[in-house]
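In the UniProt record's numbering, the protein residues as written are 1 to 99.
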């Protein structure tokens, strides 16, 4: 099984030839398009955004699926951040802010 138990181990995994080859395979399978955007009728490709490979079942909890194509999908950077709840909250709500 692939070790992803530490940040250093995860870095090594993402730098490995096996991951890089799988990443290219998934990008090709998904036609270099964000799958969430595509499901919403939008076209987001590497020409318009940074594309990333998402582990559907998270790598941290399912390292045995690290290189399983059925557990991988292409997402744009924005969708990947939404999927993992990695977004910056607004400092204030510009709809209700009053001077």
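Backbone N, C-alpha and C define an ideal beta-carbon position, used for all residues, glycine too.
Residue 84 (DSSP reduced to helix, strand or coil): Stepping through the chain shown from its first residue, residue 84 is reached at position 84. In the structure shown, residue 84 sits in coil (DSSP, three-state: anything other than H, G, I, E or B).
Alpha-carbon spacing of residue 14 relative to residue 64, whole angstroms: As a first step, residue 14 must be located in the chain shown, where it is residue number 14. As a first step, residue 64 must be located in the chain shown, where it is residue number 64. For the pair residue 14 and residue 64, the Cα-to-Cα distance works out to about 15 Å.
CA-to-CA distance, residue 77 to residue 12, given in whole angstroms: If you number the chain shown from 1, residue 12 lands on position 12. If you number the chain shown from 1, residue 77 lands on position 77. Separation of residue 12 and residue 77 (C-alpha to C-alpha, rounded to the nearest whole angstrom) is 21 Å.
Residue(s) in a DSSP beta bridge with residue 51: By one-based count along the chain shown, residue 51 stands at place 51. According to DSSP, residue 51 shares a beta bridge with 76.
Exposure of residue 60, with buried meaning 16 or more beta-carbon neighbours within 10 Å: Indexing the chain shown from 1 puts residue 60 at position 60. Exposed, since its Cβ has fewer than 16 Cβ neighbours within 10 Å.
Sequence-distant residues of the same chain with beta carbon closer than 6 Å to residue 46, five excluded per side: The residue given as residue 46 occupies position 46 in the chain shown. A distance below 6 Å between beta-carbons, with the five flanking residues on each side excluded, links residue 46 to the following residues of its chain, in chain order: 32.
Three-state secondary structure (DSSP) of residue 24: On the chain shown, residue 24 is found 24 positions in, with the first residue counted as 1. In the three-state scheme derived from DSSP, where H, G and I count as helix and E and B as strand, residue 24 is classed as helix.
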